[in-house]
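Protein chains in written order, with this note's numbering: chain A, 218 to 329; chain B, 218 to 329.
Let me begin by presenting the structure, written as structure tokens, before commenting on it.
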DNA sequence: CATAGCACTATGTCTTGTCAAGCACTTGAC
DNA sequence: GTCAAGTGCTTGACAAGACATAGTGCTATG
């Protein structure tokens, strides 16, 4: 691990994006803002402990904004900030790649 | 976790790309093919066990090609397949985002 | 002939994510 | 009024994953 990498913004953001669930969270929030449990379900099985941790981190980094609408009954919304929304480009790139290279296993339509 | 996600290629590829070191490995190999130890150093401190595991996986998925030049003194080269090279778009998107949003908040240069 | 390189594998440890449960409270059904 | 189900989380084991480190078998260089 050399020093150059530690200060390379690309290296840093890869480190962020490779954290488990982060990309899924971003992708989900790109669709629309969501509450905690809703997000948890939409994201596909991330457990609340991890999700809370990720959301904290993303909020700290200024990618996600948390809004508390009411304390009691608890109601919260997580939405992307402009910086977070700019990750659309990354998701799009993944999307494009996925459709090209990961779609193949169609091969269904098994006849008899 | 609902069924749709399990068959969504985007979901699948996010799962792949979020594995630790995968994006770093891809990014490094996009520059040029490398040997094992060379790759390990260039990638920035991934330990050999993990690296070997990731490379196996990437090879299985057809993103990386492993070439053994000689067995005894061992010499190997890892390079991206066309499918792997297409991930350039993803790395580029991350690159663009990183330069826009991650360059600022360093705030280092702390004096004494 | 010692050292350093290559490509890895094996080991034990430590960090991370996961699971299940629970908290405090509201809402809606009965 | 009581019950189940929902909200947004937190906590405390536990398992899976990544870590550092050492070692293998061999060559090439000093």
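Cβ atoms here follow ideal geometry from the backbone N, Cα and C, with glycine treated the same way.
This structure is a prediction, so every number in the text was calculated from the model and none was measured.
Is residue 314 of chain B closer than 8 Å to residue 303 of chain A when the C-beta atoms are compared? yes
Check each residue of the stretch 223-242 of chain A: if its Cβ is closer than 9 Å to any Cβ of chain B, include it; give the result in chain order. 223, 224, 225, 226, 227, 228, 229, 230, 231, 232, 233, 234, 235, 236, 237, 238, 239, 240, 241
Would you identify the three-state DSSP class for residue 267 of chain B, choosing helix, strand or coil? helix
So with CB distances below 7 Å, who are the chain A contacts of residue 304 of chain B? 314
Using the rule of at least 16 other Cβ atoms within 10 Å of the residue's Cβ for burial, across every protein chain shown, is residue 334 of chain B buried or exposed? Beyond the ends of chain B as shown, which are 218 and 329, falls residue 334 of chain B; an answer cannot be given.
Can you list the residues of chain A that residue 281 of chain B reaches, using a CB-CB cut of under 8 Å? Neighbours of residue 281 of chain B on chain A: none; closest Cβ ~13 Å, over 8 Å.
Under 8 Å by beta carbon: chain A residues contacting residue 215 of chain B: The structure shown does not extend to residue 215 of chain B, since chain B is modelled only from 218 through 329, so no value can be given for it.
Residue 286 of chain B: buried (16+ other C-beta within 10 angstroms of its C-beta) or exposed? exposed
Confirm, please, whether the CB-CB distance from residue 282 of chain B to residue 293 of chain B is below 8 Å. no
Collapsed DSSP secondary structure at residue 260 of chain A in the structure displayed: helix
Run through chain B and tell me which residues come within less than 7 Å of residue 319 of chain A, C-beta to C-beta. 226, 229, 230
Reduced DSSP secondary structure (H/G/I, E/B, other) of residue 275 of chain A: helix
Assign residue 234 of chain A to one of two classes, buried (16 or more other C-beta atoms within 10 Å of its C-beta) or exposed (fewer than that). buried
Taking a contact to mean a Cβ-Cβ separation below 8 Å, would you say residue 231 of chain A touches residue 260 of chain A in this structure? no
Helix, strand or coil at residue 285 of chain B [DSSP, three-state]: strand
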